[in-house]
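Contents: one structure, followed by commentary.
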Amino acid sequence: MSDCMEAPTAYVFGYGSLIQANSRLRNLKSTQPPVPVRVHGFRRGWITRGRDIGFSCTYLGIVPDRSATTNGVLLAYEPEEIPALDQRESEYRRVPVELGQIELLGDTTAIDLATAEVITYQTLEPREATEKFPLVQSYIDICLQGCLEVDRLLDTADAFASEFLASTDSWSHHWVNDRVFPRSPFRQVPEAHQIDKLLQHRSPAEFASIRIE
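Here you go:
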């Protein structure tokens, strides 16, 4: 055995806003491309409440559930980036992901899971949306734009985005459209029509109840 073994590559499993390139680049500087995966044993839902300061909302989160799967991406990180990630995910607990839970999507040679260490962020106190802490379209747009980026990477139309929606629980009638120009959002969110079509298919009753802010 070599005396100089290669250190495991560290990855964070992103299942919400970290899927989108512009969002994750605020904290992660790696040039390695995202690795699309499906992780077994976690359930994703609208269960993470933002801070009770001013206008707030409910974010995505995950909790352990042996019967559930959650799709997302593995993102390489350096140890010095952990404090910024922890601060970003202050409403969550950093937890390890067992390699046996991870199913690679697309190119199964993209990374060597045998030399990987994976973490993710689990919701500290699951709580569903309320009128004071609604779902907000601006955050949903970021997550689904990220999913559509992955679909372009995999050349899978909107299959990854559709799985994201199907594997996300706790959609709510407490849902606010806070896009900058809610009547014509296409300059700010070019994929708005595609996103809205996917959302309407996934949760028609909740989608119909969205209020404009």
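As numbered in UniProt numbering, residues 1 to 213 make up the sequence shown, in order.
Glycine residues also receive a C-beta, built at the ideal position from the N, C-alpha and C atoms.
Item, Value
"Residue span of the alpha helix (DSSP H) that contains residue 40, given as start and end", "No alpha helix (DSSP H) holds residue 40; the beta strand (DSSP E) holding it covers 35-49."
"Residue closest to residue 76, alpha-carbon to alpha-carbon, out of 21, 11 and 115", "11"
"Residue 184 in three-state terms, based on DSSP", "With a pLDDT of 49 at residue 184, under the threshold of 50, the modelled position of this residue cannot be trusted; read the value that follows with caution. In this structure, residue 184 counts as coil in the three-state DSSP scheme."
"DSSP three-state assignment for residue 189, whether helix, strand or coil", "coil"
"In DSSP terms, what residue 71 is bridged to", "38"
"Below-9 Å beta-carbon distance, residue 86 vs any chain B residue", "Looking for chain B here will not work: only one protein chain is present."
"Stretch-stretch touch, CB-based, cutoff 8 Å, three pairs: the stretch 157-168 with the stretch 116-124", "no"
"Cα-Cα separation between residue 156 and residue 147, rounded to whole angstroms", "11 Å"
"Buried versus exposed, by CB contacts within 10 Å (16 or more), residue 4", "Residue confidence is low: residue 4 scores 40 on pLDDT, short of 50, so the model does not pin down where it sits. Its coordinate-derived value is still stated next. That one is exposed."
"Rounded straight-line distance, which links the Cα of residue 71 to that of residue 43", "10 Å"
"Opening and closing residue of the beta strand (DSSP E) in which residue 122 lies", "116-123"
"Per-residue DSSP class, three states only, for residue 129", "coil"
"Run of the alpha helix (DSSP H) containing residue 24, from where it starts to where it stops", "21-24"
"Where the beta strand (DSSP E) through residue 83 begins and ends", "Here residue 83 belongs to no beta strand (DSSP E); instead the alpha helix (DSSP H) covers 82-88."
"Same chain only: Cβ atoms within 7 Å of residue 130, ignoring 5 sequence neighbours per side", "174"
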